[in-house]
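> Start counting the sequence shown at 530; every next residue gets the next number (this note's numbering).
All C-beta atoms, glycine included, are put in the ideal place defined by N, C-alpha and C.
Predicted model, so just to flag it, every value in this text is computed and none were measured.
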Amino acid sequence: MSTTYTCNTCVQQFPNSETQREHMKTDWHRYNLKRKVAGLLPIAANVFASKVLQQSEAVPERRQKQITKKEMKYQERLARRVVRPSSPTESQASEFSLGYGSGVETPVENTEESAEGADVSSSSLTEDLNTKLKHLNLDEETLESVKHLDTDTINKLALRRAIPNTDCVVCGVHNDSVEANVEHMSKKYSLYVPEQKYLTDLPGLMSYLGQKVGLGFECLSCSFVGRSLESVRQHMLMKGHVRIPYESEDEKLELGDFYDFTSSYDKKLPVSDEVANDDEDWEDDEEEINSDDEYDDGMLYTDESGTQLSLPSGAKIGHRSMARYYKQSLKPEPRDGQATVNAVDIRRPDVRDPAAFREQKKLWKEEKRVANRKDAWELRRNNFQKHYRDELLQ
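(1) Whole angstroms are fine: how far does the CA of R609 sit from the CA of I596?
(2) State the start and end residues of the unbroken alpha helix (DSSP H) segment that holds G739.
(3) Taking buried to mean at least 16 other C-beta atoms within 10 Å of its own C-beta, is T535 buried or exposed?
(4) Would you list the one or two residues that DSSP bridges to V754?
(5) Short of 7 Å in beta carbon distance, which residues of its chain neighbour L569, apart from the five on each side in sequence? Order them along the chain.
(6) Inspect the beta-carbon positions of V771 and Y718 and report whether they are closer than 8 Å.
(7) Can you check which of these residues, E759, T533 and A574, is closest to W557 by C-alpha distance?
(8) Comparing alpha-carbon positions, which option in K856, Q857, S793 and E724 lies nearest T831?
(9) If you count every other CB in all the chains shown that lies within 10 Å of the CB of M735, and 16 or more means buried, which is it?
(10) Tell me where the beta strand (DSSP E) around H555 begins and ends.
(11) Compute the Euclidean distance between the alpha carbons of S706 and I773, then round it to the nearest angstrom.
(12) Could you have a look at K845 and say whether DSSP puts it in helix, strand or coil?
(13) Rounded C-beta distance between N704 and P732? I'm assuming under 8 Å.
(14) Exposed or buried, P571, counting other C-beta atoms within 10 Å across all chains shown (16 or more means buried)?
(15) Does the Cβ of N545 have 16 or more other Cβ atoms within 10 Å, making it buried, or fewer, making it exposed?
(16) Identify every residue that forms a DSSP beta bridge with H703.
(17) Which same chain residues end up closer than 8 Å to F787 when comparing Cβ atoms and leaving out the 5 residues on each side of it in sequence?
(18) Is D904 helix, strand or coil when you go by DSSP?
(19) Determine the closest residue to E924 out of R559, T538, N561 and T532, with distance taken between C-alpha atoms.
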């Protein structure tokens, strides 16, 4: 009796085991296995071969390269370069290359007309660039440096607008005045204008902030530069950078044109002629004269070192650099009589009553002996209980 080998998935019989194993490795068997898992009936070998043939014919069509978004954008940029060249000569060449001209060969008689057309196109392009540069409100030096840029860059610069000093640099809300704009930003975004007492050009300061954000797309607090106005505004809101930096020396120098600190300088009292004549009769050295007499009682002034400020009330304020010295708690200087008594008391610190010292020494020894005895008793009592019986288990 001959033994047959079968495949239950494909419903096939094989004469030997080697043929069965080879069948198990075929794609037809794998395909029927997938159909069996999906609950479908197996297919014959000829049906599977026809399916494979149809699939192989459809593969070349699907293998065609699909254009991605990146490649589409690149093709659009190339098309814009062809349509909008940077020079009139390139525009003429592009027209002939794309078939926009009258023919492939250009006659010699049309050279003058083409030159005139090139001059007209170049002049119109120059006028267009000049009008766009005028809208930027740039100074002469900046205009000279910008003229060599290409058309795309100038178009991007033309889209930028400096924020007026009456508009909020964060949300763009228009206000009636500069003061109302500052109040709006201080209430809504906690913007603080430093040194308002010495601020002389508030509109100029707000215009500078508007140019920094609107034209440069630059953050007020850090060196972040955004791609657009909305990006830098979102950065300032998310990072909490809606503030005017005024801490380092460079930051103060950046805003120094809008401030005037001359009113905070020291002022000396005017000296009358009579007082000046009286001073000539004295022979005291000018360096020994107290500088406090040269200032008015109602004014603020600093000492010679520049680290201490004297108030009209008589109080003195020290600079933070000398804080380590001001925090010292020094003992008050004793009076003349008290200094004499202290000097008598400490003239011989080693002198003491021998009897009182012996009694005090005995007392210290007794206290030490009692403490040692108590420690030894506590140590012996540590494991004093030999047996332990839980009352709940009795």
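Walking through what the data contain:
(1) Within the sequence shown, the letter at position 67 stands for residue 596. Within the sequence shown, the letter at position 80 stands for residue 609. Near 18 Å, if we compare the C-alpha coordinates of R609 and I596.
(2) Position 210 of the sequence shown, counting from 1, holds the residue named residue 739. First-last of the alpha helix (DSSP H) with G739: L731 to G743.
(3) Your numbering for residue 535 matches position 6 in the sequence shown. When all chains shown are included, T535 counts as exposed.
(4) Taking the sequence shown and counting its residues from 1, the one referred to as residue 754 is at position 225. BP columns for V754 point to E747.
(5) In the sequence shown, the residue the question calls residue 569 occupies position 40. Cβ contact annotation for L569 (same chain, cutoff 7 Å, sequence separation greater than five): none.
(6) Stepping through the sequence shown from its first residue, residue 771 is reached at position 242. Stepping through the sequence shown from its first residue, residue 718 is reached at position 189. The answer is yes: Cβ separation under 8 Å.
(7) As a working note, residue 557 is residue 28 in the sequence shown. When each option's Cα is compared against that of W557, the closest is A574.
(8) Along the sequence shown, one-based indexing puts residue 831 at 302. The residue with the shortest Cα to Cα distance from T831 is S793.
(9) Position 206 of the sequence shown, counted from the first residue, corresponds to residue 735. With 16 or more Cβ atoms within 10 Å of its Cβ, M735 is classed as buried.
(10) What you label residue 555 is simply residue 26 of the sequence shown in a count that begins at 1. This sequence places Thr at residue 555; His is not what is there. From DSSP, T555 is part of no beta strand (DSSP E); its letter is neither H nor E.
(11) If you number the sequence shown from 1, residue 706 lands on position 177. If you number the sequence shown from 1, residue 773 lands on position 244. So the two alpha carbons sit approximately 20 Å from each other.
(12) On the sequence shown, residue 845 is found 316 positions in, with the first residue counted as 1. Residue state, collapsed to three classes: strand.
(13) Position 175 of the sequence shown, counted from the start, is the residue given in the question as residue 704. Position 203 of the sequence shown, counted from the start, is the residue given in the question as residue 732. That belief does not hold up - the Cβ atoms of N704 and P732 are roughly 12 Å apart, past 8 Å.
(14) Locating residue 571 in the sequence shown gives position 42, where the first residue counts as 1. Taking a 10 Å sphere around the C-beta of P571, we find 16 or more other C-beta atoms and assign the residue as buried.
(15) Within the sequence shown, the letter at position 16 stands for residue 545. Looking at its Cβ environment, which holds fewer than 16 other Cβ atoms inside 10 Å, N545 is exposed.
(16) Locating residue 703 in the sequence shown gives position 174, where the first residue counts as 1. H703 is bridged to D696.
(17) Position 258 of the sequence shown, counted from the first residue, corresponds to residue 787. So the qualifying residues of the chain are L728, T729, D730, L731, G733, L734 and Y737.
(18) Along the sequence shown, one-based indexing puts residue 904 at 375. If DSSP states are grouped into helix, strand and coil, D904 belongs with the helices.
(19) Not covered by the structure: residue 924. The range shown for the chain is 530 to 923.
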